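Take a look at the structure set out below.
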Amino acid sequence: YAFFNGQPRWIRSSTLTYALSPDYTVDYLSSSEIRRVVRRSFSRWSAVIPVNFTESREYESSDIRIGFYRGEHGDGEAFDGVLGVLAHAFSPENGRLHLDAAERWAVDLEKEKSKVAVDLESVVTHEIGHVLGLAHSSVKEAVMYPSLSPRAKKVDLRIDDVEGAQALYGSNPNFKLKSFLESENSINTA
Amino acid sequence: TTSPDSMAANFDGGDGHNDFAWRNFARFLDAGKGSEVTGMSELKKYLNRFGYLPSSDTDFTDFFDDQFVSALILYQKRLGLPVTGNLDSDTISSIISPRCGMSDVVKINRSTAELHSTRR
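Chains as they are written, first to last, in our numbering: chain P, 3 to 192; chain X, 113 to 232.
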């Protein structure tokens with residue numbers, strides 16, 4: 003795992019609010035589908051660190067603001083159309099998480115048949131890692147590895163991700179390293 | 113070994129999505145040091161964008177030069193690829209894979225070396 007320069011992290015609160023942009027979205031996924039995926043993505047991180055994430059309806063005032071943007075969208079990091087760059091986010095305590103609206107985002111890869119479909123939950127989980135202060139990992143299996151193939155799903159945090167997040171925030175008191183490692187071993191075996 | 117054509121095909125969605133520029137990098141497979149290949153500067157821009165070539169450089173040539181080899185080696189090390197310094201199939205496959213837009217080269221916790229800063 004790696005951090006951004008200066009190891010920035012959220013210090014203002016142990017509860018962070020997040021919201022989906024009401025304007026910058028994709029029309030082929032319902033709001034409830036997207037919200038469900040995003041909620042699951044945040045829960046993966048909150049299971050390992052003592053940080054809670056709460057959805058807010060107040061987009062502008064939320065700590066973390068998520069939207070689907072196309073091409074040049076005002077932050078100097080233009081998106082490039084289908085595939086290529088899928089998303090980007092900003093380090094703490096900026097809170098912006100941007101997804102490329104040109105991708106064919108999937109919430110269920112069994113239903114979404116496009117060969118260029120990108121699993122939304124995998125990418126959102128990765129980008130939340132950036133929002134929390136993690137940079138890219140060299141560990142291929144880690145959520146924080148920078149690339150993701152079309153139609154691939156990688157949502158389960160690996161020990162590299164967990165150690166990185168816990169180095170920044172400490173461990174969630176309910177997190178059990180032993181059972182986590184057993185679970186990871188079973189994934190590796192599979 | 114994946115051939116350039118089959119790698120490119122991986123990213124031809126077959127549903128009208130053909131605007132993925134990086135898949136053209138597959139044509140650089142096995143290009144070697146000292147060679148000059150038209151369009152190699154685009155690959156250098158890619159490595160520059162993700163932190164592997166100095167951000168102060170913007171006028172890249174099509175030469176496969178020493179600086180490019182160093183950038184490739186750094187890329188291969190950072191992404192857990194076989195370190196060859198060449199544009200082998202593993203490296204090309206990685207480069208053309210869809211990815212996060214954040215830079216890869218930032219301070220690494222396991223190293224005392226501060227490699228590069230990121231603006232985010």
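The beta-carbon is built from N, C-alpha and C at its ideal position, and this holds for glycine as well.
Predicted, not measured: the structure shown is a model, and the values here were computed from it.
Shorter than 7 Å, the distance from the beta carbon of residue i to the closest heavy atom of the ligand SAM, or not?
i: L122(P); result: The model on display carries no ligand, and the ligand SAM is accordingly not part of it.
To which residues of the same chain is residue i closer than 6 Å at the C-beta, ignoring the five residues directly before and after it?
i: K117(P); result: none
i: S181(P); result: none
i: D65(P); result: L18, T19 and G97
In chain C, which residues lie less than 7 Å from residue i when you measure between Cβ atoms?
i: S149(P); result: Here the protein chains are P and X, and chain C is not one of them.
Grab me the residues of residue i's own chain with a C-beta within less than 8 Å of its C-beta, minus the 5 sequence neighbours each way, in chain order.
i: Y61(P); result: A21, L22, S23, P24 and R67
For residue i, collect the residues of the same chain with a Cβ closer than 7 Å to its Cβ; drop the 5 residues on either side in sequence, then sort them by chain order.
i: K156(P); result: S124, V145 and L150
i: D202(X); result: L193 and P194
i: V28(P); result: F70, A103 and W107
i: A121(X); result: Its pLDDT being 39, under 50, A121(X) is placed unreliably by the model, and nothing is read from it.
i: D158(P); result: I189
i: S16(P); result: P52, V53 and N54
i: L141(X); result: P116, L199, S201 and I204
Taking 8 Å as the cut-off, decide whether the C-beta atoms of residue i and residue j are in contact.
i: V87(P); j: G213(X); result: yes
i: H153(P); j: L85(P); result: It should be pointed out that residue 153(P) corresponds to Arg in this sequence rather than to His. No. Outside cutoff.
i: E57(P); j: R41(P); result: yes
i: A167(P); j: E129(P); result: no
i: L184(X); j: S206(X); result: no
i: L170(P); j: G135(P); result: yes
i: R211(X); j: P148(P); result: yes
i: S147(X); j: F176(X); result: yes
i: V39(P); j: V126(P); result: yes
i: D178(X); j: G151(X); result: no
Based on the DSSP output, what are the partners of residue i in its beta bridges?
i: F180(X); result: For F180(X), which the question treats as bridged, DSSP gives no partner whatsoever.
i: R211(X); result: V87(P) and S149(P)
i: E148(X); result: F175(X)
For this session: Only counting runs of 3 or more residues, tell me where the beta strand (DSSP E) segments fall wholly within the region 22–102 of chain P, in order along the chain.
Result: 54–57, 66–71, 87–91 and 98–102
For this session: Count the CB pairs spanning the region 103–117 of chain P and the region 157–173 of chain X that are closer than 8 Å, and state whether there are at least three.
Result: No, because fewer than three Cβ pairs between the region 103–117 of chain P and the region 157–173 of chain X fall closer than 8 Å, the two stretches do not touch.
For this session: Return the chain-ordered ranges of every alpha helix (DSSP H) run that is complete within the region 107–189 of chain P and spans a minimum of 4 residues.
Result: 122–134 and 161–171
Problem set entry | Given 8 Å, three or more beta-carbon pairs between the region 155–172 of chain P and the region 33–53 of chain P | Between the region 155–172 of chain P and the region 33–53 of chain P, the count of C-beta pairs closer than 8 Å reaches three or more; the two stretches touch.
For this session: Check whether the region 9–20 of chain P touches the region 87–102 of chain P, counting contact only when three or more Cβ pairs, one atom from each stretch, lie closer than 8 Å.
Result: Here the region 9–20 of chain P makes contact with the region 87–102 of chain P; the two share three or more CB pairs at distances below 8 Å.
Problem set entry | Any 3 or more C-beta pairs closer than 8 Å across the region 77–87 of chain P and the region 30–47 of chain P | With the cut-off at 8 Å, the region 77–87 of chain P and the region 30–47 of chain P do not touch.
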